[in-house]
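In the working numbering, the protein residues as written are 7 to 395.
No residue lacks a Cβ here, since even glycine has one placed at the ideal position from N, Cα and C.
Every value quoted in this text rests on a predicted model; they were computed, and no experiment measured them.
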Ligand code: PLP
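Have a look at this one:
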């Protein structure tokens, strides 16, 4: 609480609060001695805990547990998968091109281990959905390609047509990586149906610890060249002593997130309540990606004349945490590359707010947001109360 203002957290896509059961398990494991690579009893017990967590993470994405490689988070998972050098059933393969979506998170947009000259961007339509005609055209060009696309967007929640993208990629002889960092625990993951060769996960988006992630291999037995070389941990796929407590926290969070998938309808109801409430006050409200399938937990919207940065500060003063669609770096607020790629006008993009919900979100949180919103509108652009789009 700040004063008597209750704290409301509406920024799960940035990072979900740690689930108490996860914390308890991590504390318990942290107190136990043992390196998971040691042959003595302490080491074997640590190994057992790691393998139990691996099974739970595998279950979340319908994979076999030996396909899961633990890494330090979503960024490392993407960096690992985005390499020209792969093994295909044990034989080395060199991929000559990276095709990645225009709305990818910077952890993919940076291109991983592909030099800029080997990268092409897949454009999206006005809803932020990858243009399949462009994918097909680019795949038809020379050289084996790695296609990297996020399952669901971190800013808008827009879900990509992964089965179509996987099918087109495979027909063209390409490899397919899916950044499922925002999707995991929020929509079913089906690597088989997507024909995905590799998937990236991050524990802190669904109530696990920060600094834990995984690269999951598909049933195609294709694996990217390791990013970290050294010891033989993680089946020679990621060197370095395993973070046993972090891995165990990840495992518990994955099991809970898997259970929570059945509650997606409740989150969608909260999200719809919020969007309906805002549009009742401000009829000109624009919801980005609303004509495409979206994650049930995410809403990215704007009301003209209400700059996101100012609104964020006003919410923060009321002890409500949310995000804007813009990024502030070196003191300059830049417009979201996601909204730019969707063709959103810069003036409206600067007003984009992102509300994202999760395991501990409640009706009270939405009510509090809707209680504060009219005050912000009255202060920044009272005309928005009546003006329709
Ligand atoms: N990919 C997506 C879609 C993300 O939203 C994020 C983080 O916000 C990442 C990758 C990076 O994950 P991490 O913060 O675990 O490095």
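CA-to-CA distance, residue 111 to residue 335, given in whole angstroms: On the chain shown, position 329 is the one that residue 335 refers to. On the chain shown, position 105 is the one that residue 111 refers to. Residue placement at residue 335 cannot be trusted, given a pLDDT of 49 that sits under 50; what the coordinates show is reported in the next sentence. When rounded, the distance between both Cα atoms is 16 Å.
Proximity below 8 Å, CB of residue 237 to CB of residue 245: Position 231 of the chain shown, counted from the start, is the residue given in the question as residue 237. Position 239 of the chain shown, counted from the start, is the residue given in the question as residue 245. Cβ distance < 8 Å, so residue 237 and residue 245 count as in contact.
Tell me the DSSP bridge mates of residue 92? Taking the first residue of the chain shown as position 1, residue 92 is located at position 86. BP columns for residue 92 point to 99, 230.
Counting along the chain, where does the alpha helix (DSSP H) carrying residue 128 start and finish? As a working mapping, residue 128 is identified with position 122 in the chain shown. Counting along the chain, residue 128 falls outside any alpha helix (DSSP H), though it belongs to the beta strand (DSSP E) covering 125-128.
Cβ-Cβ distance between residue 90 and residue 120 below 8 Å: Along the chain shown, read from residue 1 onward, the residue named residue 90 stands at position 84. Along the chain shown, read from residue 1 onward, the residue named residue 120 stands at position 114. Yes, the pair counts as a contact, with Cβ atoms nearer than the cut-off.
To the nearest whole angstrom, what separates the beta carbons of residue 113 and residue 159, a pair I think is in contact under 8 Å? By 1-based counting over the chain shown, the position of residue 113 is 107. By 1-based counting over the chain shown, the position of residue 159 is 153. Not confirmed; about 13 Å, so no contact.
Measure the alpha-carbon distance for residue 197 versus residue 10 and round it to whole angstroms. As a working note, residue 197 is residue 191 in the chain shown. As a working note, residue 10 is residue 4 in the chain shown. Those two C-alpha atoms are separated by around 47 Å.
State the Cα-Cα distance for the pair residue 266 and residue 210, rounded to the nearest angstrom. Residue mapping note: residue 266 aligns to position 260 of the chain shown, counting from 1. Residue mapping note: residue 210 aligns to position 204 of the chain shown, counting from 1. Between residue 266 and residue 210, the C-alpha separation is close to 15 Å.
Is residue 156 near the ligand PLP, in the sense that its beta carbon is under 7 Å from a heavy atom of that ligand? Residue mapping note: residue 156 aligns to position 150 of the chain shown, counting from 1. Yes, Cβ of residue 156 sits closer than 7 Å to a heavy atom of the ligand PLP.
Taking the C-alpha atoms as reference points, what is the distance between residue 199 and residue 226? Stepping through the chain shown from its first residue, residue 199 is reached at position 193. Stepping through the chain shown from its first residue, residue 226 is reached at position 220. Going by the C-alpha atoms only, they are around 12 Å apart.
Which residue's Cα is closest to the Cα of residue 361: 203, 162, 387, 190? Stepping through the chain shown from its first residue, residue 361 is reached at position 355. When each option's Cα is compared against that of residue 361, the closest is 162.
So is residue 220 buried or exposed if we call it buried at 16+ other beta carbons inside 10 Å? Reading the chain shown from its first residue, position 214 is the one you call residue 220. Classification for residue 220: buried.
Would you say the beta carbon of residue 316 comes nearer than 7 Å to a heavy atom of the ligand PLP? As a position in the chain shown, residue 316 is number 310, starting the count at 1. No, Cβ of residue 316 sits at least 7 Å from all heavy atoms of the ligand PLP.
Please report the distance separating the alpha-carbon of residue 243 from that of residue 143. Translated into positions along the chain shown, residue 243 becomes position 237. Translated into positions along the chain shown, residue 143 becomes position 137. So the alpha carbons of these two residues sit roughly 33 Å apart.
When you compare the CB positions of residue 293 and residue 302, do they come within less than 8 Å of one another, or not? Counted from its first residue, the chain shown places residue 293 at position 287. Counted from its first residue, the chain shown places residue 302 at position 296. In this structure, residue 302 does not lie closer than 8 Å to residue 293 by Cβ.
Please state whether DSSP places residue 107 in a helix, a strand or coil. Indexing the chain shown from 1 puts residue 107 at position 101. It is a strand residue.
Tell me whether residue 13 is buried or exposed, calling it buried when 16 or more other Cβ atoms sit within 10 Å of its Cβ. The sequence position of residue 13 within the chain shown is 7, counting from 1. So residue 13 ends up on the exposed side.
Taking just the CA atoms, how far does residue 126 sit from residue 23? The sequence position of residue 23 within the chain shown is 17, counting from 1. The sequence position of residue 126 within the chain shown is 120, counting from 1. Roughly 36 Å between the two C-alpha positions.
CB-CB under 6 Å to residue 176, same chain, minus the five flanking residues each way: which ones, in chain order? Counting from 1 along the chain shown, the entry for residue 176 is found at position 170. Same-chain partners within the cutoff: 201.
To the nearest angstrom, how far is it from the Cα of residue 346 to the Cα of residue 135? Residue mapping note: residue 346 aligns to position 340 of the chain shown, counting from 1. Residue mapping note: residue 135 aligns to position 129 of the chain shown, counting from 1. When rounded, the distance between both Cα atoms is 13 Å.
Which word fits residue 50, buried or exposed, when buried means at least 16 other C-beta atoms lie within 10 angstroms of its C-beta? The residue labelled residue 50 in the question sits at position 44 within the chain shown. So residue 50 counts as exposed.
If you count every other CB in all the chains shown that lies within 10 Å of the CB of residue 319, and 16 or more means buried, which is it? As a working mapping, residue 319 is identified with position 313 in the chain shown. Exposed is the call here.
State the DSSP-derived secondary structure class of residue 390, mapped to helix, strand or coil. The count along the chain shown starts at 1 and reaches residue 390 at position 384. In this structure, residue 390 counts as helix in the three-state DSSP scheme.
6 Å Cβ shell around residue 270 - same chain, five flanking residues per side excluded: Mapped onto the chain shown, residue 270 falls at position 264. Cβ neighbours of residue 270 beyond the five flanking positions: 302.
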